[in-house]
Structures are given as C-alpha cells and as structure tokens.
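As given, the protein sequences belong to chains A and B, one line each in that order.
Residue numbering for the first sequence is 1 to 238, as defined by the working numbering.
Residue numbering for the second sequence is 1 to 238, as defined by the working numbering.
Virtual Cβ for every residue (Gly too), placed ideally from N, Cα, C.
Just so you know, these numbers come straight off a predicted model, no measurement behind them.
2 protein chains.
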Amino acid sequence: MTLDLCPSPALYPFYRKVNDTVIVVDIFRASTTMCTMLHNGAAAIITVPAIEDAIQYKSAGFLVGAERQTRKCDFADFGNSPFDYRREKVLGKEIVFTTTNGTMAIEMGRESRMLYIGAFSNIDVLANRCMKDSDRVVILCAGWHNRINMEDTLFGGAFAEALSCRGEITHGSDAIKIATELWQKAKNDPLGYLQKSDHYQRLINNGVEDDAAYCLQHNTVTVVPVYNSADKKIRASV
Amino acid sequence: MTLDLCPSPALYPFYRKVNDTVIVVDIFRASTTMCTMLHNGAAAIITVPAIEDAIQYKSAGFLVGAERQTRKCDFADFGNSPFDYRREKVLGKEIVFTTTNGTMAIEMGRESRMLYIGAFSNIDVLANRCMKDSDRVVILCAGWHNRINMEDTLFGGAFAEALSCRGEITHGSDAIKIATELWQKAKNDPLGYLQKSDHYQRLINNGVEDDAAYCLQHNTVTVVPVYNSADKKIRASV
Numbered sequence: 001m002t003l004d005l006c007p008s009p010a011l012y013p014f015y016r017k018v019n020d021t022v023i024v025v026d027i028f029r030a031s032t033t034m035c036t037m038l039h040n041g042a043a044a045i046i047t048v049p050a051i052e053d054a055i056q057y058k059s060a061g062f063l064v065g066a067e068r069q070t071r072k073c074d075f076a077d078f079g080n081s082p083f084d085y086r087r088e089k090v091l092g093k094e095i096v097f098t099t100t101n102g103t104m105a106i107e108m109g110r111e112s113r114m115l116y117i118g119a120f121s122n123i124d125v126l127a128n129r130c131m132k133d134s135d136r137v138v139i140l141c142a143g144w145h146n147r148i149n150m151e152d153t154l155f156g157g158a159f160a161e162a163l164s165c166r167g168e169i170t171h172g173s174d175a176i177k178i179a180t181e182l183w184q185k186a187k188n189d190p191l192g193y194l195q196k197s198d199h200y201q202r203l204i205n206n207g208v209e210d211d212a213a214y215c216l217q218h219n220t221v222t223v224v225p226v227y228n229s230a231d232k233k234i235r236a237s238v
Numbered sequence: 001m002t003l004d005l006c007p008s009p010a011l012y013p014f015y016r017k018v019n020d021t022v023i024v025v026d027i028f029r030a031s032t033t034m035c036t037m038l039h040n041g042a043a044a045i046i047t048v049p050a051i052e053d054a055i056q057y058k059s060a061g062f063l064v065g066a067e068r069q070t071r072k073c074d075f076a077d078f079g080n081s082p083f084d085y086r087r088e089k090v091l092g093k094e095i096v097f098t099t100t101n102g103t104m105a106i107e108m109g110r111e112s113r114m115l116y117i118g119a120f121s122n123i124d125v126l127a128n129r130c131m132k133d134s135d136r137v138v139i140l141c142a143g144w145h146n147r148i149n150m151e152d153t154l155f156g157g158a159f160a161e162a163l164s165c166r167g168e169i170t171h172g173s174d175a176i177k178i179a180t181e182l183w184q185k186a187k188n189d190p191l192g193y194l195q196k197s198d199h200y201q202r203l204i205n206n207g208v209e210d211d212a213a214y215c216l217q218h219n220t221v222t223v224v225p226v227y228n229s230a231d232k233k234i235r236a237s238v
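In structure tokens, the structure reads:
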C-alpha cells in the first residue's frame, strides 16, 4: 500500500495516478460535517461548487447546507458546523452542501477510481477500508483557497499512522513524510497544537471553537462516505 | 515584515500579493548552484525553461548549464552541481541555465516587485537584505514537478528563524508555520534529517551526495542573486 498526500486541490493533477483511491479531507470542517450528516441518517449528500446551484436546489425544496468564509449563508438551512445536522433534521433526507474549500476538493477528485470523505471522526473505519480495497491512497487536502493548511496536513500524518498499525505502507512522496513529521509533534495535543493555525483563529473569530474540538475527536462515527460517480451523490457505507 | 511560503510553483497565484518580494529556492540544487556561479564571478545567469532554448544558446556560443531528472544534459557545458561552476570556467561569463524545477519557479515569480534567489549558501546576507527592503516576502519553493518537497520547505523554516533574529515577523499563512515546525525538528542535523527525503535518494542514486552536504552549508557565499525584469538576467548583488 502506497500513501501520499496532496496538500492543495490545485496540485492534484501533479499527484494523480491511475487507480488512486482519493480521500478528501477538510478537517475544519466540511469533511467532518459530512461524516456527521451521514452518521445521523442523511440519505445522501449532493455537493455543489457554486452558491447559485445551492440556491436553485433550495428553491426546488431540498435541504441545503451552505457556507462561505466560515459563515452560514443566509438562504441555507444549515452552515458548516457538524452540530447543525441533528438526526431529527437530516434523517432520510438528501442534503445539498457547498463550502468554501471542501466541495472544490471533491470536484478535483471526482474522476478517481474511488473517492472517500475522511476525517478524524472516521479515521479507523476508513483505514480498515483502505487496507482492504486500495493499492495507492492519496489524501487530498481541501486547504484554504488552494493554500495549504495545518489541520488537513496533520490528518495525513495521523492516517499514515493508522494505516501503518494495520500493515506495511510506503510513502508516495515528501508530502506525506512532512505530514507524518508534523503529526508526531502534534499528536499528544492536536487541539493545543492547532491553536497556532490560521483556521483555528478564523473559527475563534466566528465563535465556533467548539467545532474545532469536535473535529479532532477520533472515531465518533462509523460511516465511510463514498462518492458515487454515476449519480454524483455521497452516501454512507458502514 | 510578513513572511510566507509557497510550497509549489503551481500554487503561486494563490499566494501572490502586490509588492511581494519573492525568493526562489531549489535547495537541491538549482538555487544553491546559482549562488555559487555568481559567487565565482559569473557576469549573469540567463534562465530558460526549455531544453530547446538552451541548445540554441549553446549554438550561439554561450556557456550552458542544463539538467533534467538530476542528470547533466549531454550537449551542455555544466550540469546542476555547484562543483561544476569553478571560478576559472565562469569568471566574467554569462551562463545559460535550465533545470528540472528551479527555472519553472523563476518563471512563476518573474512579475513580482523583486525576485531573489535563495539558498542556505546565502541565507544571512539574504535575510539582511529582506529586512531592509521588503514588507512581505514569499519563499517560492521549486519543489519537484510541482509537488512539494522537504528540503525547500526546511529552508523556509530556517529563513523564518534568520529573519526573526533580526526583527519582528508575522507568519503569512499555515505554510510558513509548517516549515518552521519542520525546521525546529531538523535544525540540529539537517543532512541526517533529509536522508528520508525523496530528492536526497535521487542524488544518492546519481552519485552526487556530496552536493547535498554542500547545499546545506550556511553562508558559503556573500552574494544575493537578483532577477532583472528589464533584460531577464540574474546578477549578483553584494
């Protein structure tokens, strides 16, 4: 099993190989939130890159989660906080979802053999899955407007550790080695470590620092969100 | 003074701001080698992206350094080893230079207010210069075929340290924070640390590991290579 990390959606063309399994991560908060939606019983997630698309879906009667620059869009039912998507609201529903960076990363990875959504929330179930079904896995970090970020990189290092507990892995390039180095430094206190990160500061400034703590908890859900290229929806696989 | 790091030439559009001073680094080996050329008295460096351009210059009588995939091109006078560019060969000459990644990074940064070439070789003289003439500095890493690498990232952390000895600096984004974390881990033995990096392995495989040791030495030269946008040549500034 080879593991690599692509630190920005814009770089995926340079990391892509045939038969990649891609794991899209946007730890603060889109990928964590998608795990929560499906764990709480949402039937599917339809990700859309543009606000205009989300507004159209809203007009057509869909439940819509929409965020830009860390804030919930006014027209939407939900923002990008995992706490928004309570079971009684989402059970059995299809949720349309657009966020600043996460949905762009999904766009970039759409054509891979397999596309999963990853987070600390589902790290172990995802590692089990990848050990079974993948020869090469690329963690595709959502980053921030195509710039790299600390929390998605850290997840890469944590995932490398999770995989290497389960079997032998090869590092695909320096990117995953850098992530691993960073995780070794941060793992005893990821929340403390990430207080120096840009996006933690943005969350603080928007009063949602509780989201950050939740987003760093391991194994709070048991689902692997899987992108289906036939209908472009993301559904839970247990 | 704000310092940021752009980890791949392809990402520079997302890091660029008006009035950036850009420092192009390709530690193994192009930026180190350019410092050596100018330190040894070369009159100027003309970087060209394509091999075909370099061949044309060669036909026109220029001295040419050309490398692809870690190896010297057959037609060229020099490869990408700093040891190739001895004083008796380069003194007073204009050198045409093309390498796998370094020249591409220069292409991306060409339009910045100021473009310097940086390496461990000139780290202190470069830090002095930037403290005097720049409000915002972006270290533009050459990487490897637009993928990020460890040695250029490490330089970013080392440069942050060099600047912060000279005054107060602000981190522009997570990228320079990651670089700083990495450098703090590596600084006691950068050569040992980088033995896990991809490009160190490539250098070993090509029998040029002595280059790696040289490329990590601090302050072996006293020049700052400066790109001149009027004639597109790089010259020494002491």
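How many angstroms separate the CA atom of residue i from the CA atom of residue j?
i, j, result
"residue 232 of chain A", "residue 114 of chain A", "12 Å"
"residue 36 of chain A", "residue 219 of chain A", "11 Å"
"residue 222 of chain A", "residue 237 of chain A", "9 Å"
"residue 166 of chain B", "residue 127 of chain B", "8 Å"
"residue 200 of chain B", "residue 44 of chain B", "28 Å"
"residue 225 of chain A", "residue 33 of chain A", "11 Å"
"residue 118 of chain A", "residue 132 of chain B", "45 Å"
"residue 145 of chain A", "residue 125 of chain A", "29 Å"
"residue 99 of chain B", "residue 106 of chain A", "33 Å"
"residue 212 of chain B", "residue 197 of chain B", "11 Å"
"residue 192 of chain B", "residue 47 of chain B", "31 Å"
"residue 149 of chain A", "residue 158 of chain B", "19 Å"
"residue 55 of chain B", "residue 230 of chain B", "23 Å"
"residue 101 of chain A", "residue 188 of chain B", "37 Å"
"residue 234 of chain B", "residue 71 of chain B", "23 Å"
"residue 142 of chain B", "residue 94 of chain A", "43 Å"
"residue 171 of chain B", "residue 120 of chain A", "27 Å"
"residue 245 of chain A", "residue 139 of chain B", "Residue 245 of chain A is absent from the model: chain A starts at 1 and stops at 238."
"residue 14 of chain B", "residue 147 of chain A", "6 Å"
"residue 39 of chain A", "residue 87 of chain A", "8 Å"
"residue 168 of chain A", "residue 26 of chain A", "26 Å"
"residue 16 of chain A", "residue 206 of chain B", "26 Å"
"residue 136 of chain B", "residue 18 of chain B", "9 Å"
"residue 20 of chain B", "residue 217 of chain B", "27 Å"
"residue 51 of chain B", "residue 84 of chain B", "19 Å"
How would you list, in chain order, the residues of chain B whose beta-carbon sits under 9 Å from the beta-carbon of residue i?
i, result
"residue 169 of chain A", "By Cβ distance, chain B contributes nothing, its closest Cβ being about 14 Å from residue 169 of chain A, past 9 Å."
Going by DSSP, name the residue or residues bridged to residue i.
i, result
"residue 237 of chain B", "B:224"
"residue 105 of chain B", "Answer is none; residue 105 of chain B lacks a bridge partner."
"residue 171 of chain A", "A:3"
"residue 242 of chain B", "Past the boundaries of the shown model lies residue 242 of chain B; chain B is included only from 1 to 238, so the question cannot be answered."
"residue 117 of chain B", "B:24"
Give the residues of chain B in contact with residue i, contact being defined as C-beta atoms less than 7 Å apart.
i, result
"residue 174 of chain A", "148, 149, 150, 197, 198"
"residue 145 of chain A", "14"
Is residue i close to chain B? Criterion is C-beta to C-beta, closer than 9 Å.
i, result
"residue 153 of chain A", "yes"
"residue 52 of chain A", "no"
"residue 225 of chain A", "no"
"residue 105 of chain A", "no"
"residue 239 of chain A", "Only positions 1 to 238 of chain A appear in this structure, which leaves residue 239 of chain A out of reach."
"residue 10 of chain A", "yes"
"residue 178 of chain A", "yes"
"residue 7 of chain A", "yes"
"residue 39 of chain A", "no"
Along chain A, which residues have their Cβ under 9 Å away from the Cβ of residue i?
i, result
"residue 282 of chain B", "Lying outside 1 to 238, the shown extent of chain B, residue 282 of chain B is not represented and no answer is given."
Against chain A, with Cβ distances strictly below 9 Å, would residue i count as a contact?
i, result
"residue 204 of chain B", "no"
"residue 262 of chain B", "Nothing can be reported for residue 262 of chain B: it is not among the residues displayed for chain B, which extend from 1 to 238."
Run through chain A and tell me which residues come within less than 7 Å of residue i, C-beta to C-beta.
i, result
"residue 181 of chain B", "182, 185"
Which residues in chain B have a C-beta closer than 8 Å to the C-beta of residue i? List them in chain order.
i, result
"residue 58 of chain A", "Simply none; closest approach about 30 Å."
List, from N- to C-terminal side, the beta strand (DSSP E) runs of 3 residues or more that fit wholly inside the region 14-39 of chain A. 21-25
Taking only runs of the beta strand (DSSP E) that begin and end inside the region 49-97 of chain A, which ones reach a length of at least 3 residues, in chain order? 63-68
Where are the alpha helix (DSSP H) runs, 4 residues long or more, that stay fully inside the region 119-165 of chain A, in chain order? 123-133, 150-164
Alpha helix (DSSP H) segments (min. 4 residues) lying fully within the region 174-198 of chain B: 174-186, 190-193
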